[in-house]
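Enquirer: After the structure tokens below, expect a handful of questions from me.
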Amino acid sequence: MYPKGRCNEIQQLHMTTASESNIHCFEVEGTSDDEDLVMAAVHADKMFVERHNLTVANSINWGRMLIQVANFFYVYLNSSVPIGNKALVIVPTGGAGNATSGCIAYQMGLPINLVLATNSNDCLHQFLQHGEMTHSDKSAQKTLASAMDIQVPYNLERLLVIFAKDIISKTEIGRASCRERV
């Protein structure tokens, strides 16, 4: 699915000219956020998904996430950065799939610093800065970077789990340190 009027011609052709009989692409009214709600509802019906052999190609799919993690390692190992030195990686954020994959690669030991890029649809930035989602009263604005035109980053929960582990670990260390002092 792709949002009507929100993809450029090249993006639309990329999605609509696949010749494989098992690939179906649909133009729909609304935004990417609207599509994500539909896809989440469809994929919640496990029997329907199995019966029709459905999958998605965006970063809601863990398979794609794993490929994106591997891409971070590939790019790092093929860059001009000496092995072991940190590389600065700028990542576009929409659904936050690349950001999540980059965080997973980092936790796996890849020496990178991530910079999350955004456009006027900066809900993830607002969340990280202020701790709350401020998207509820507005729709995603149409920009030249349609993949970033999202107000509900569907990988936010994955990012929270990744960072929660760090917070819990630091909290446990802090508790142990406090117990030693008592």
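In this note's numbering, the protein residues as written are 10 to 191. Ideal placement from N, C-alpha and C gives every residue a C-beta, glycine not left out. None of the values given here were measured: they were computed from a predicted structure.
Going straight from the alpha carbon of Lys55 to that of Leu46, what length do you get?
Expert: The count along the sequence shown starts at 1 and reaches residue 55 at position 46. The count along the sequence shown starts at 1 and reaches residue 46 at position 37. Between Lys55 and Leu46, the C-alpha separation is close to 16 Å.
Enquirer: Around the C-beta of Pro162, are 16 or more other C-beta atoms found within 10 angstroms, so that it is buried, or is it exposed?
Expert: For the purposes of this step, residue 162 is taken as residue 153 along the sequence shown, with counting starting at 1. Buried, since its Cβ has 16 or more Cβ neighbours within 10 Å.
Enquirer: In angstroms, rounded to a whole number, what distance separates the CA positions of Glu29 and Asn70?
Expert: Taking the first residue of the sequence shown as 1, we reach residue 29 at position 20. Taking the first residue of the sequence shown as 1, we reach residue 70 at position 61. Straight-line Cα distance between these residues: approximately 20 Å.
Enquirer: Locate the beta strand (DSSP E) running through Val124, then write down its first and last residues.
Expert: Here residue 124 refers to the residue found at position 115 when the sequence shown is read from its first residue. Here the beta strand (DSSP E) through Val124 covers 121-126.
Enquirer: Please state the DSSP three-state secondary structure of Val161.
Expert: Position 152 of the sequence shown, counted from the first residue, corresponds to residue 161. It is coil, neither helix nor strand.
Enquirer: Taking the straight line between their C-alpha atoms, what separation do you get for Leu168 and Thr109?
Expert: Here the question's residue 168 lines up with position 159 in the sequence shown. Here the question's residue 109 lines up with position 100 in the sequence shown. Rounded to the nearest angstrom, the two C-alpha atoms are 6 Å apart.
Enquirer: Give the single residue among Phe82, His61, Asn130 whose Cα lies nearest to the Cα of Asn111.
Expert: Your numbering for residue 111 matches position 102 in the sequence shown. Per the sequence shown, the amino acid found at residue 111 is Gly instead of Asn. With distances taken between Cα atoms, Gly111 lies closest to Phe82.
Enquirer: With a threshold of 6 Å on Cβ separation, who are the neighbours of Ile99 within its own chain once the five nearest residues in sequence on each side are excluded?
Expert: Along the sequence shown, read from residue 1 onward, the residue named residue 99 stands at position 90. Within the same chain, Ile99 has close Cβ partners Val124, Ala126.
Enquirer: Note down, in chain order, each residue of its chain lying with its Cβ closer than 8 Å to the Cβ of Cys34, except the 5 sequence neighbours on either side.
Expert: Walking along the sequence shown from the start, residue 34 turns up at place 25. Around Cys34: Met10, Tyr11, Met24, Thr25, Ala27.
Enquirer: Whose C-alpha, out of Thr102, Met48, Gly118, Pro91, is nearest the C-alpha of Leu137?
Expert: Taking the first residue of the sequence shown as position 1, residue 137 is located at position 128. Among Thr102, Met48, Gly118, Pro91, the Cα nearest to that of Leu137 is on Thr102.
Enquirer: Alpha carbons only, please: which of Ile92, Ile32, Gly106, Ile159 is nearest the one belonging to Ile121?
Expert: Taking the first residue of the sequence shown as 1, we reach residue 121 at position 112. Nearest of Ile92, Ile32, Gly106, Ile159 to Ile121, Cα basis: Ile92.
Enquirer: Where does Val100 fall in DSSP's three states?
Expert: Within the sequence shown, numbered from 1, the residue matching residue 100 stands at position 91. Reduced to three states, the DSSP call for Val100 is strand.
Enquirer: In this structure, what does DSSP give as the bridge partners for Pro12?
Expert: The residue you call residue 12 lines up with position 3 of the sequence shown. Bridge partners of Pro12: Val37.
Enquirer: How should Met117 be labelled, buried or exposed, when 16 other C-beta atoms within 10 angstroms of its C-beta is the threshold for buried?
Expert: Translated into the one-based positions of the sequence shown, residue 117 becomes position 108. When all chains shown are included, Met117 counts as exposed.
Enquirer: Tell me whether Ala173 is buried or exposed, calling it buried when 16 or more other Cβ atoms sit within 10 Å of its Cβ.
Expert: One-based indexing of the sequence shown puts residue 173 at position 164. Exposed, since its Cβ has fewer than 16 Cβ neighbours within 10 Å.
Enquirer: Between the alpha carbons of Ile159 and Asp43, how many angstroms are there, rounded?
Expert: On the sequence shown, position 150 is the one that residue 159 refers to. On the sequence shown, position 34 is the one that residue 43 refers to. In a straight line, the C-alpha of Ile159 is about 9 Å away from that of Asp43.
Enquirer: Please report the residue range of the alpha helix (DSSP H) in which Ala66 lies.
Expert: Taking the sequence shown and counting its residues from 1, the one referred to as residue 66 is at position 57. Ala66 -> no alpha helix (DSSP H), and no H or E assigned at all.
Enquirer: For Cys132, which of Phe57, Ala66, Met157 has the nearest alpha-carbon?
Expert: Within the sequence shown, the letter at position 123 stands for residue 132. Ranking Phe57, Ala66, Met157 by Cα distance to Cys132 puts Met157 first.
Enquirer: Can you tell me whether Gln150 is buried or exposed, with buried defined as 16 or more other CB within 10 angstroms of its CB?
Expert: In the sequence shown, residue 150 corresponds to position 141, counting from 1. Exposed, because fewer than 16 other Cβ atoms sit within 10 Å of the Cβ of Gln150.
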